[in-house]
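Worksheet: the structure to be examined is printed underneath.
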Amino acid sequence: IEQVLGEAVERGQVTVDGAQGIASRLVERGRKQTNDVLGDLEQLFDRGRGELDDRASEARRAATDAARDAARQVTGARSRATRAASPALAQADRLRRAAGVGPSFPITGYGELTAAQVQGRLTDLTPPELRKVRDFERRNANRKTVLSTIEAKLG
Numbered sequence: 014i015e016q017v018l019g020e021a022v023e024r025g026q027v028t029v030d031g032a033q034g035i036a037s038r039l040v041e042r043g044r045k046q047t048n049d050v051l052g053d054l055e056q057l058f059d060r061g062r063g064e065l066d067d068r069a070s071e072a073r074r075a076a077t078d079a080a081r082d083a084a085r086q087v088t089g090a091r092s093r094a095t096r097a098a099s100p101a102l103a104q105a106d107r108l109r110r111a112a113g114v115g116p117s118f119p120i121t122g123y124g125e126l127t128a129a130q131v132q133g134r135l136t137d138l139t140p141p142e143l144r145k146v147r148d149f150e151r152r153n154a155n156r157k158t159v160l161s162t163i164e165a166k167l168g
C-alpha cells in the first residue's frame with residue numbers, strides 16, 4: 014500500500030497529505046475489520062464452550078444417575094440374597110459350632126443381617142457366644158432390639 018501510494022505521489026496523482034490520509038483510513042478500516050473478526054471468533058468460541066459445558070454436565074448427570082441405579086440394584090440384590098440364604102446360613106452356623114470348626118465369630122455374615130435375622134440366630138448360642146455377639150453389636154451397629162434380646166437370653 015505504501016509503495017502504491019508513493020508512486021501515486023511521485024506521478025502527482027495524490028498529494029503527500031492525501032496519501033497519508035488514505036493510508037490512515039486503510040489501516041483504520043483493517044484494524045476495525047480485524048477487531049470485528051476477533052469479536053466474532055470470541056463469540057463462537059464462547060458458544061462452543063457453553064455447548065461443551067452443557068453436554069459434559071448432561072453426561073455427568075447421566076453417569077451419576079446410572080451409578081446410583083446400579084448401586085441400588087446391587088444393594089437390593091445383596092439384601093435379597095442375604096434373606097434367601099439366611100436359613101441355610103443359620104443351619105450351617107449351628108453345624109459349624111457343633112463341629113468346633115470355622116471362624117470364631119458365632120454368626121456368619123453378621124454385618125449383612127437385619128436385627129430380626131440376628132435375633133433369629135441367637136437361639137442356639139452359648140452364653141460365651143452371646144457375650145461375643147453382644148460386645149460386637151455394641152461396638153458396631155448398637156441395635157437396641159438385638160442387645161435387649163441378648164441380655165434377656167443371658168439372664
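Numbering (the numbering used here), first residue to last: 14 to 168.
Don't be surprised by glycine CBs; every beta carbon is placed ideally from N, CA and C.
Note that this is a predicted model, so its numbers are computed, not measured.
Check, Outcome
"Below 8 Å on the Cβ atoms is my guess for Leu126 versus Leu135; work out the distance and round it to an integer in Å.", "No, Leu126 and Leu135 are not in contact; Cβ-Cβ is about 11 Å, not under 8 Å."
"In terms of residue numbering, what span does the alpha helix (DSSP H) encompassing Phe118 cover?", "Element bounds for Phe118: n/a, residue is neither H nor E."
"What separation, rounded to the nearest whole angstrom, lies between the Cα atoms of Arg109 and Ser70?", "53 Å"
"With a threshold of 7 Å on Cβ separation, who are the neighbours of Arg156 within its own chain once the five nearest residues in sequence on each side are excluded?", "Ala128, Glu150"
"For Ser37, which of Ala154, Glu15, Ala165 has the nearest alpha-carbon?", "Glu15"
"Helix, strand or coil for Asn155? Go by DSSP, reduced to three states.", "coil"
"Can Ala98 and Gly133 be called in contact, C-beta distance under 9 Å?", "no"
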